[in-house]
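Okay, so here's the structure we're looking at.
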Amino acid sequence: SMLVRTREANGLIFYLGTLDNSHIPGFQETHIITELKDGNLVLRLLLDGPEETFTVKGLSLTDGDPHLLHVKRIGNELEVNVDNKLVLNTTLTYSGDLRAQVLYLGGIPETTSEITDTTSRRTKRQLGVTNFTTTVTRPHFKGTLQDIRLSNGTETRLVQPFPLQNVTAAILPGENIQGVNVFHVLEGTVSDDTCTPDPCKNSATCRVTWNDFVCSCTIGFKGKTCEDREYCAIYDCPEGSQCINLDDGYECLANLTLNGVNSSISYSPRFINPPDKITDVSLEYRSQVGGVIFWAAGVDASVWIGLSQSSVVVHQANGSESMSASFISNSTLDGNWHKVFISFDHTGLQVFLDGTTLLGTDIAVIINFTSLMLNGEIMIGASPGTLPTHSLLDPSLIASTTTPVTALQPKENFVPKVFRGCLGAIRIQDVLVPFYSQLDLINNTAANQFL
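First residue of the sequence shown: 1, per full-length UniProt numbering; consecutive thereafter.
Written as structure tokens, this is what we have:
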């Protein structure tokens, strides 16, 4: 057992087994190898048969924190515990005596000439370079190994590469193993100078942590090395909205109340880096009345999405062909906040309400939704007609107390042309449809926007 601390995904932790005496007739190698490979814990056992390999995935051994590793083999049973949690419990196909002549910690000598009669079967701890066998090369282990113990089940022995100071033998769990040799090993916990050269950008301050670094960014920057812009630290969103940083700009989230009489707003797309496909639109809302919440049209195609008392309705038109599909739900107009997600995928129309799939009457997709979103016009809050378009933030568009709610209540299968209720975030393939004009969004450099 030992405490293992590293940030590297690969490296030999220990080799316990025979010395390389392959030149001796009848020599039979046995070993237990424990290593890190691609961040996973790998154990390899060679006893009285072919080598058996076991991989333990899903551990966090390379996070830079100390972890207690305990490997126990009794007969043909193998147990591995990490931080006192059993992570491997298996039966070996082959069992036999482990001839533990040498323990290597952190690596294996490059050549067998390093192990000679004059070194008297010595135990090593080094930042190893190659495997004991000639067929596999293992990288150096980089990190710290601490409190290393060997036990045969009745007696525990300690491996101390450096003698403990001011510790009496009476409080140690066992006797020290003699003949320990160290190569290229530093005593204590020593970190690389990870701030040289300085990895932090934009006048940030670098601070060394153990084999890592932390950058304290100046205002307006973020990320591991402070390379990314933090637009929300520089630009303010309008009062009452929430600023969200994007990789290339920012967005302002807000809620709106629509009166169901004359409230709507139109948009045109401006996509500098358009995606290959646009298939999805999501809308957050609350309403007891419903209506057309989203409409888009191009040269010869259009689509609108509306809410009725018992369904989400999607209407598509392409040339002379048109179809309406109703996706049933009794929760659409219950007055609570909901998120409706519509996918115009080539496999068929899909509608989700709060993550639950809704069953529809017809799931065929007859429009090119990508082309419609990149080249068409979009309207929020209504479908076109004689209805004028306005800014949704116009105070006059907030629900009127003089308009009787009963006059706006739809029939069960009827969708009003104008939406009455509240809107939250509306996104087309993750791009926010804003409730503010460009004049309100100062220096928004996002490549893809709806204006």
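Ideal Cβ placement from N, Cα and C applies to all residues, glycine included.
With 16 or more other Cβ atoms from the protein chains shown falling within 10 Å of its own Cβ, F221 counts as buried.
Annotation: L374 is outside any beta strand (DSSP E); the continuous alpha helix (DSSP H) that includes it extends over 369-375. Taking A254 as the centre and dropping the five residues before and after it, the same chain places the C-beta of G240, S241, F435 closer than 7 Å to its C-beta, in chain order. With 16 or more other Cβ atoms inside 10 Å of its own Cβ, T144 counts as buried. A straight-line Cα-Cα distance of about 20 Å links N262 and S268. DSSP lists no bridge partner for I363.
Per the Cβ contact rule, the stretch 357-373 is not in contact with the stretch 439-449 (fewer than 3 Cβ pairs under 8 Å).
Sequence-distant partners of G153 (beyond 5 residues in either direction) whose C-beta falls short of 8 Å from its own C-beta, in its chain, are I74. Between M379 and I278, the gap from beta carbon to beta carbon reaches 7 Å or more. About 5 Å separates the Cβ atoms of G360 and A325, confirming a contact at the 8 Å cut-off. DSSP links D345 through a beta bridge to G348.
Only residues of its own chain outside the window of five on either side were considered, and among them L16, L45 have a CB closer than 6 Å to the CB of I32, listed in chain order. Nearest to D63 by alpha-carbon distance, out of R5, L88, N84, is R5.
The beta carbon of D345 lies closer than 6 Å to those of T279 in the same chain, with the five residues before and after it left out. Burial state of V299 is exposed, judged by a 10 Å Cβ sphere holding fewer than 16 other Cβ atoms. In this model, R157 and R149 are separated by some 6 Å (Cα to Cα). When the five nearest sequence neighbours on each side are left out, the beta carbons in the same chain lying within less than 7 Å of the beta carbon of D192 are those of N211, in order along the chain. Take the alpha-carbon of F450 and the one of S371: they are about 14 Å apart. Residue nearest to Q28 within the set A9, E77, D97, S60 is D97 (criterion: CA-CA distance).
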